[in-house]
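2 protein chains.
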Amino acid sequence: MLKGHLDMLILSVLARRPRHGYAIIEDLRATSRDALDLPEGTLYPALHRLERAGLVAGTWSEASGRRRKSYALTPLGMTTLTEERRTWTRFSAAVGAVLEEVPWPSIS
Amino acid sequence: MLKGHLDMLILSVLARRPRHGYAIIEDLRATSRDALDLPEGTLYPALHRLERAGLVAGTWSEASGRRRKSYALTPLGMTTLTEERRTWTRFSAAVGAVLEEVPWPSIS
DNA sequence: TCCGATGCCTAGCATTGCGAGGTATGAGAG
DNA sequence: CTCTCATACCTCGCAATGCTAGGCATCGGA
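Protein chains in written order, with the UniProt record's numbering: chain F, 1 to 108; chain D, 1 to 108.
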């Protein structure tokens with residue numbers, strides 16, 4: 001489970017450059033070295049959500065007989081990403097602080 | 001939202017020493033320096049879930065007129081915690097890797 | 001010709017966190 | 001004495017979320 005951090009990850013990928021859905025999956029898999037592998041049933045609804053919310057803008061195109069919908073970050077998407085990044089940093093630091101208190105054998 | 005990492009956090013607190021519900025909230029708030037502040041409506045159902053799953057064991061006690069239910073980690077809870085910790089480490093590293101690729105102004 | 005990769009989609013489920021409400025006791029303020 | 005706050009537990013029901021499982025279509029290579 002990606003548990004609510006999904007949006008941030010998608011926005012992060014799109015912040016680098018616009019991409020279509022399928023490519024987002026591959027990009028995420030690559031930059032995370034296979035740790036993050038989104039099912040399509042997860043990604044596409046999420047993209048639609050983000051589009052409805054105005055965080056990304058999708059445009060259809062046709063490349064070699066295949067229809068693609070490319071998504072780009074909107075200004076609102078950018079500010080949202082920045083904010084979510086801040087939240088993530090705080091959150092992961094807090095979790096880290098809690099975990100550090102845990103005694104052996106949890107250090108692994 | 002704690003998004004699925006809730007169990008790990010609760011188990012982490014209990015790994016240090018058994019605690020009753022209310023104390024878990026305070027403990028978490030303290031070790032995270034106020035970053036993590038669980039609502040009771042979040043914690044108690046979670047504890048019941050964990051108890052049903054056999055990850056923690058609850059025992060009632062009476063201290064100065066107040067009934068308390070103290071929870072302790074079971075062996076299964078300990079192994080689960082270790083596993084979830086590993087998952088968290090991998091996950092947060094992966095997210096970190098993705099975020100690092102994001103261009104300005106997300107470096108903040 | 002047929003399969004796998006590309007590329008998109010939806011319906012419906014199960015889980016989860018949380019807000020809102022409820023109960024009861026003890027301590028301290030006024 | 002009363003009232004409020006902190007302690008300490010609980011449940012109901014909502015809203016969101018991620019995912020499984022299905023579906024459709026095209027292209028390239030075996």
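The C-beta atom is built at its ideal place from N, Cα and C for all residues, glycine as well. Note that this is a predicted model, so its numbers are computed, not measured.
Where does S106/D fall in DSSP's three states? Caution is warranted here: a pLDDT of 47 is assigned to S106/D, below 50, making its placement in the model unreliable, and the coordinate value is therefore given only provisionally. S106/D falls in the coil class under three-state DSSP.
I need the DSSP call for H5/F, collapsed to helix, strand or coil. coil
Bridge-paired residues (DSSP) for T59/D: S70/D
Just the chain D side, please: which residues come within less than 9 Å of H5/F by C-beta, in chain order? K3, F91 and V95
Residue-level contact to chain D via CB, P103/F, 9 Å cutoff: yes
H48/F: buried (16+ other C-beta within 10 angstroms of its C-beta) or exposed? exposed
Run down chain D in chain order and give the residues with a C-beta less than 9 Å from the C-beta of R16/F. E101, V102 and P103
From V13/D to V56/F, what does the alpha carbon distance come to, in whole angstroms? 39 Å
Under 8 Å from the C-beta of T59/D: neighbouring residues of chain F: None at all; the shortest Cβ gap to chain F is about 21 Å.
Run through DSSP, which three-state label would R19/D get? strand
Counting contacts by CB-CB distance shorter than 9 Å, is L9/F in contact with chain D? yes
Would a C-beta distance cut-off of 9 Å place A63/D and I10/D closer than the cut-off? no
For T80/D, which residues from the same chain have a beta carbon less than 6 Å from its beta carbon, with the 5 sequence-adjacent residues on both sides left out? L55
Whole-angstrom distance between A30/F and H20/F, CA atom to CA atom: 15 Å
Starting from the C-beta of S108/F, find all residues in its chain whose C-beta is less than 6 Å away, skip the five residues before and the five after it, and write them out in chain order. With a pLDDT of only 49 at S108/F, under the threshold of 50, the placement of this residue in the model should not be trusted, and no figure is reported.
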